[in-house]
Each structure stands twice: as C-alpha cells, then as structure tokens.
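Take a look at the structure set out below.
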Amino acid sequence: MEALMVRLFDTIDVTNMAWILAADHALRDAFGETLVDLLPSYTTLLLHYDCRQLSHAEALARARDALADLSPADTRQGQRHEIPVWYDESVGPDLARVAKRAGMSIAELIDQHCQDEYCVFALGFAPGYGFMGLVDDAIATPRLTTPRRHVAAGSVGIADRQTAIYPLPSPGGWNLLGRTAVPLFEHAKRGEPLLRPGDSVRFRSISRAEFEDQGGDTTPMEERP
-16 MEALMVRLFD TIDVTNMAWI LAADHALRDA FGETLVDLLP SYTTLLLHYD CRQLSHAEAL
44 ARARDALADL SPADTRQGQR HEIPVWYDES VGPDLARVAK RAGMSIAELI DQHCQDEYCV
104 FALGFAPGYG FMGLVDDAIA TPRLTTPRRH VAAGSVGIAD RQTAIYPLPS PGGWNLLGRT
164 AVPLFEHAKR GEPLLRPGDS VRFRSISRAE FEDQGGDTTP MEERP
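-16 is the number of the first residue of the sequence shown in our numbering; add one for each residue after it.
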C-alpha cells in the first residue's frame, strides 16, 4: 500500500468543505478498486492505493486527471444533527474557566456554543470522533497545557476554534463544557459513524433530568486541569 497527500488549501475554512468533498468523490471514482482508503480533512485528503495495481507515477497521473476540472460539491447533501448536551461543571469542569476567559457568564457561554452550526471537517483520534468548527472567536480557547489522563465518553469540548465529542473514555486535552448521551462509538462500531465529513452539528442545552432520561452518565469528572 502506498499513499498520496492531496493538499487543496493552506488554511482552515468552512468554505473548503465543498471542494474537499468534490475531490473525495472524484478520487473515489478515479481510483475505483485500487483505492484502499481515502481520508478527507480540513485542507487535505490522504489517499491510500494498492501499489500492486498502480505504480506511483500512475497514481499521480490518475489523481491529477481526477482533480483537473473540479467543481465544488453541494454541501447541503450532508446530514444535519442536533446533539443534546448537559452543560454542567460536574461533567464540564472547564465551563467556568472558559466563560471567565471569554468575559461571559456560564449561561452566555452555553448560548454561544449552541448558537452556531458546526461543520464536520474530519474523523480521527478515536472511532466516531468528529473534528468540528469553527467555534466563534469569542469562546475559542487553547488546549490544556497538560492533557487529562481520563475523559469520559460523551464529553463535549473545545480546543482553539474546534469543538468535538469524545466517543470513548480516553486521555484528552480539550476544554470540557458538558456531556451528551449520544452513542457515537456504537455507530462507528457498526461501520456507520453518525458524523461524517460535510455533515453539520448544532448543540442543544438540556437539563440533568433530560440527560438522565436519555441514559447519560452523570458521574462527575474528578480530574481537573
């Protein structure tokens, strides 16, 4: 197996996604059965191909031909998801700190996080983990200097201008604001990830009672930054 890195842009922007998706479709069609895997991201696509069927030169030529007359895809084809989140300091231990940094109350921070519709740029880190953005500059917050050793599944966080949901318990350095009961890993385990590049996500604030009714785990996060 060999790989090509296809770079379309140098900076992250929501408008990139229409071109990234178009390139994804064009490359899949062009490589057909020789394609092993294709991973779209913010500005690039990583293409793995079967080197037993294609030489490096042939793969390059095929990629160039596929991208020669590229037109942006219709991003309205992506699915729209509403993700219910229980925003609370017991499960979102960085909530107060991020709000203070932004010069907001916790309620204002939650409203801001729920206000925007986020584009799913890429999947990675863990099965079902979608990197989303762009978070409003007002609440953008750098990653933790020292990552936590344990972040609970369903934790919702932000890092710089990105936001994401942890599908599984894992280490992590994002600023945690709350938790959702949506089972992202279960979808990924079936080979049907809930979130895909080009989809959009809007978060909705819910009460603890609603979270519990949805099967959410209310165990507090003990590890603080």
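Here a beta-carbon is modelled for each residue, glycine too, at the ideal position from N, C-alpha and C.
Every value quoted in this text rests on a predicted model; they were computed, and no experiment measured them.
Residue i versus residue j: straight-line alpha-carbon distance, rounded
{"i": "Leu22", "j": "Ala121", "result": "30 Å"}
{"i": "Pro152", "j": "Phe168", "result": "10 Å"}
{"i": "Phe(-8)", "j": "Arg47", "result": "16 Å"}
{"i": "Leu10", "j": "Cys34", "result": "16 Å"}
{"i": "Met(-12)", "j": "Tyr32", "result": "11 Å"}
{"i": "Gly156", "j": "Ala135", "result": "12 Å"}
{"i": "Leu30", "j": "Glu41", "result": "14 Å"}
{"i": "Leu18", "j": "Ala(-14)", "result": "10 Å"}
{"i": "His96", "j": "Tyr25", "result": "21 Å"}
{"i": "Ile(-5)", "j": "Glu72", "result": "30 Å"}
{"i": "Asp12", "j": "Leu178", "result": "22 Å"}
Residue interval of the beta strand (DSSP E) (run including residue i)
{"i": "Gln145", "result": "145 to 148"}
{"i": "Cys102", "result": "101 to 106"}
{"i": "Met30", "result": "Just to set this straight, residue 30 is Leu in the shown sequence, not Met. From DSSP, the beta strand (DSSP E) with Leu30 extends over 27 to 32."}
{"i": "Phe186", "result": "183 to 188"}
{"i": "Ser24", "result": "Element bounds for Ser24: n/a, residue is neither H nor E."}
{"i": "Val(-11)", "result": "-15 to -10"}
Reduced DSSP category for residue i - H, G, I as helix; E, B as strand; rest coil
{"i": "Asp120", "result": "helix"}
{"i": "Phe168", "result": "helix"}
{"i": "Arg131", "result": "strand"}
{"i": "Arg63", "result": "strand"}
{"i": "Leu37", "result": "coil"}
{"i": "Ala142", "result": "strand"}
{"i": "Arg45", "result": "helix"}
{"i": "Leu177", "result": "coil"}
{"i": "Leu50", "result": "helix"}
Bounding residues of the alpha helix (DSSP H) (the contiguous stretch that carries residue i)
{"i": "Glu195", "result": "191 to 196"}
{"i": "Phe212", "result": "What is shown of the chain runs -16 to 208, which leaves residue 212 out entirely."}
{"i": "Glu91", "result": "89 to 98"}
{"i": "Leu78", "result": "78 to 85"}
Exposure of residue i, with buried meaning 16 or more beta-carbon neighbours within 10 Å
{"i": "Gln145", "result": "buried"}
{"i": "Thr124", "result": "buried"}
{"i": "Ser183", "result": "buried"}
{"i": "Ser138", "result": "buried"}
{"i": "Gly111", "result": "buried"}
{"i": "Leu43", "result": "exposed"}
Residue-chain proximity (residue i, chain C), Cβ-Cβ < 8 Å
{"i": "Met204", "result": "The structure shown has no chain C; it contains just one protein chain."}
Check: residue i C-beta below 7 Å from any heavy atom of the ligand ADP
{"i": "Pro110", "result": "In terms of ligand content, the structure shown is empty, and the ligand ADP therefore cannot be addressed."}
Handout entry: Segment contact flag, the stretch 123 to 135 with the stretch 91 to 110, C-beta cutoff 8 Å, min 3 pairs
Key = no
Problem - the stretch 2 to 9 touching the stretch 37 to 53, judged by at least three CB pairs closer than 8 Å - result: yes
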